[in-house]
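Single-structure report; data block below.
Numbering (full-length UniProt numbering), first residue to last: 1 to 148.
Printed below as a string of structure tokens:
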């Protein structure tokens, strides 16, 4: 597994670049918290999400199945992960999933998207008001789901 990715921080005042974290494995998504104190990074091939302080250093906060792709911040430091779960069927198909987590990596909600996306992975889940908007680069539509 390639773990050569890095997350860099640029300071516009000093024009300095610092490495916040290295050894990332296919960092597919990045989201900054509302107070700009930490960053959430999804690592697709490592099957995990990291919380990284903007002061440097970080920790793995969630190693979850499904495999995370992109991550989007909502209000109150909640995040939506677009993810895919490998289903142990005869064809080992993918189950597209939306996963809502908090800033500590606790899973708050999981949405099964198989009904609309079949076995195609989703690349983004966004929440606006009472709706979820779901995007996949593998289909020609944007899914809109009402939240309960």
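Just so it is clear, CB atoms sit at the ideal spot from N, CA and C, and this is done for glycine as well. Since we're looking at a predicted model, the values are computed, not measured.
Among the options, the one whose alpha carbon lies nearest that of residue i
i	options	result
residue 93	105, 136, 121	121
residue 45	25, 147, 117	25
residue 107	79, 116, 118	79
residue 129	7, 146, 135, 113	146
residue 71	54, 88, 100	100
Nonlocal neighbours in the same chain, by C-beta distance under 7 Å from residue i, ignoring five residues either side
i	result
residue 61	49, 50, 51, 104, 105
residue 77	33, 34, 102, 103
residue 119	93, 94
Continuous alpha helix (DSSP H) stretch holding residue i: start and end
i	result
residue 115	114 to 117
Residues near residue i by beta carbon distance below 8 Å, same chain, minus five either side
i	result
residue 16	10
Proximity below 9 Å, CB of residue i to CB of residue j
i	j	result
residue 135	residue 127	no
Exposure label - residue i; buried when at least 16 CB within 10 Å
i	result
residue 86	exposed
residue 142	exposed
Where the beta strand (DSSP E) containing residue i begins and where it ends
i	result
residue 135	131 to 135
Own chain residues within Cβ distance below 6 Å of residue i, not counting five before or after
i	result
residue 66	83, 84, 85, 97
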